[in-house]
Amino acid sequence: MKAITWHGKHDVRCDTVDDPAIVNPRDAIIRVTSTAICGSDLHLYDGYIPTMQKGDILGHEFMGEVVEAGPKSSLKAGQRVVVPFTISCGSCYHCSKTQYSACENANPADNQDIGREGYGHPMPGLFGYSHMTGGYAGGQAEYVRVPFSDVGPLVIPDESIPDDKVLFLSDILPTGWMAAENAEIEPGDTVAVWGCGPVGLFAVQSAFLMGAERVIAIDHFPRRLELARKFGAETINFEESKVYEALMEMTGGIGPDAAIDCVGLEAHGAFADNIIDQIKASTFLGTDRIHAIRQVILATRKGGRVSMPAVYGGFVDKFPLGALMEKGLTLKTGQTHVQRYLQPLYAAIAEDKIDSTFLISHRMALEDGPLGYQKFHDEQDSYTKIVLKPGQAAGATAA
């Protein structure tokens, strides 16, 4: 089969690889009908995430048709499913608390020490996202093996609902929703969202649905800011305004009630702290560029809430821990417990309460995946989201 594979920094390819097979009785094999390139995939593309190996199959946002199911799978051949990017057993301590992204059993034992050494506990099992998270083959492929298929995939019974409407249930829609939920939004709140990429835009939409009176979206790409405004957000272009000063002016000197960091470890901008972070990362003296979360903590009002769905990978310095404590801020983070949100968000999509299609800017054939990575990395203003379609003829098409 064809699959998008990682071979090093800025080197992804469409290779011919072995077809997946049932390994465990709870497995299922999915024929992929739609898969997407995620902002988190760009961290792999940029070489920031360790324990990648040449030939690893990428992709954690995908859906498709069941072609084979193991004897203990709840799925049946022919069913159409969306697959969460988190792999979860459904029965461990954390899964019993619906903390699916903290599953104890999804990451194979021989890979658990990698995360334990860096983070104190093993990492969760994730599709297509390094051997630190299990070494599972991802879904940017014609077929994929889905472990614990009786726990993860959501069956889409309504054939009239196209892939585009439900594909993002695999990751970014639940991630944006959980980001807003972690911000503990109260009616009348002013919420600031750093980063108007896919997760940020879903966080904007979710914040309004949860009762926020005002949402202020921060980015520098005009197209992304325009999409945020379509949901009713006020916007700040950080290349044209000083973000802290603008937020103070917009909130009467108090600051936003809640803030959501959707930027993560590769913050952009010609800011002094960001330049220092970039130099440290390039010389192996540091890992992450944390300008966004620094700014979030300093700008959020005293007693406010900070939600951090953004990916951070390592140890950082110049973190404003004093401000976090002295201001009495609450900080919530974490990979998304996707399975917790699948049913309610699917119902909201089916009832047209949530739009998930506005984000798609381009569709490409699977074979054009390497070009898609380059475009998504280099032209983020116009390429807001790329959906790869196995079986589609080569050549990008605008949505």
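Number 1434 in the working numbering belongs to position 358 of the sequence shown; there are no gaps in the numbering.
In this text, a Cβ means the ideal position worked out from N, Cα and C, and glycines have one as well.
Could you tell me the boundaries of the alpha helix (DSSP H) in which His1187 lies? According to the sequence displayed, residue 1187 carries Asn and not His. From DSSP, the alpha helix (DSSP H) with Asn1187 extends over Ala1185 to Tyr1195.
Can you give, in chain order, each stretch of the alpha helix (DSSP H) that sits fully within the segment 1385 to 1420 and has at least 4 residues? Counting only runs of 4 or more, we get 1397 to 1402.
Measure the beta-carbon distance from Phe1244 to Leu1202 and round it to whole angstroms, keeping in mind my assumption that it falls under 8 angstroms. That belief does not hold up - the Cβ atoms of Phe1244 and Leu1202 are roughly 16 angstroms apart, past 8 angstroms.
My output table needs one value for Glu1141: the three-state DSSP class, helix, strand or coil. Shown here, Glu1141 sits in a strand according to DSSP, grouped into three states.
Taking only three categories from DSSP, how would you classify Arg1331? The amino acid at residue 1331 is misidentified as Arg; the sequence shows Gly. Gly1331: coil per DSSP, three-state reduction.
Lys1306, buried or exposed, once every other Cβ within 10 Å from all chains shown has been counted against 16: With fewer than 16 other Cβ atoms within 10 Å, it is exposed.
Please work out which residues of its chain come closer than 6 angstroms, Cβ to Cβ, to Pro1466, disregarding the five sequence neighbours upstream and downstream, and give them in chain order. Here the set comprises Val1108, Glu1218 and Leu1442.
Counting only runs that start and end within the segment 1184 to 1253, where is the alpha helix (DSSP H) found for 4 or more residues in a row? You should have 1185 to 1195 and 1239 to 1242.
State yes or no: is the C-beta of Ile1312 within less than 8 angstroms of the C-beta of Ala1322? Taking 8 angstroms as the Cβ cut-off, Ile1312 and Ala1322 qualify as a contacting pair.
What's the C-alpha gap between Phe1395 and Arg1370? Computed Cα separation, rounded: 6 angstroms.
In its own chain, which residues sit with a C-beta less than 7 angstroms from the C-beta of Ser1458, not counting the 5 before and 5 after it? A distance below 7 angstroms between beta-carbons, with the five flanking residues on each side excluded, links Ser1458 to the following residues of its chain, in chain order: Arg1299 and Ser1437.
Cβ pair Gly1214, His1136 closer than 8 angstroms: Yes, the pair counts as a contact, with Cβ atoms nearer than the cut-off.
Buried or exposed: where does Val1483 fall if 16 or more other Cβ atoms within 10 Å of its Cβ makes it buried? Beyond the ends of the chain as shown, which are 1077 and 1475, falls residue 1483; an answer cannot be given.
Return the CA-CA distance between Val1227 and Asp1132, expressed in angstroms with no decimal places. Using only the alpha carbons, I get a separation of about 24 angstroms.
8 angstroms Cβ shell around Leu1301 - same chain, five flanking residues per side excluded: Once the five neighbours on either side are set aside, the close Cβ partners of Leu1301 are Cys1272, Ala1293, Asp1295, Thr1311 and Asn1313.
CA-to-CA distance, Gly1194 to Cys1179, given in whole angstroms: If you draw a straight line from the Cα of Cys1179 to the Cα of Gly1194, it comes to about 17 angstroms.
Buried versus exposed call for Leu1047 [16 or more other C-beta atoms within 10 Å across all chains shown]: Nothing can be reported for residue 1047: it is not among the residues displayed for the chain, which extend from 1077 to 1475.
Is Val1157 near Ile1232, with beta carbons less than 8 angstroms apart? In this structure, Ile1232 lies closer than 8 angstroms to Val1157 by Cβ.
Return the residue from the list Lys1152, Ile1080 and Asp1095 that minimises the CA-CA distance to Asp1117. Of the listed residues, the one whose Cα sits closest to Asp1117 is Ile1080.
Own chain partners of Leu1407 with C-beta closer than 7 angstroms, once the 5 adjacent residues on each side are dropped: Correct list, in chain order: Val1382, Met1384 and Leu1400.
Pick from His1453, Phe1138 and Lys1318: whose alpha carbon is nearest that of Ile1106? The residue with the shortest Cα to Cα distance from Ile1106 is Phe1138.
Tell me the rounded alpha-carbon separation between His1083 and Ala1386. The straight-line gap from Cα to Cα measures roughly 25 angstroms.
Could you give the DSSP three-state label for Cys1090: helix, strand or coil? In the structure shown, Cys1090 falls within a strand segment according to DSSP collapsed to helix, strand and coil.
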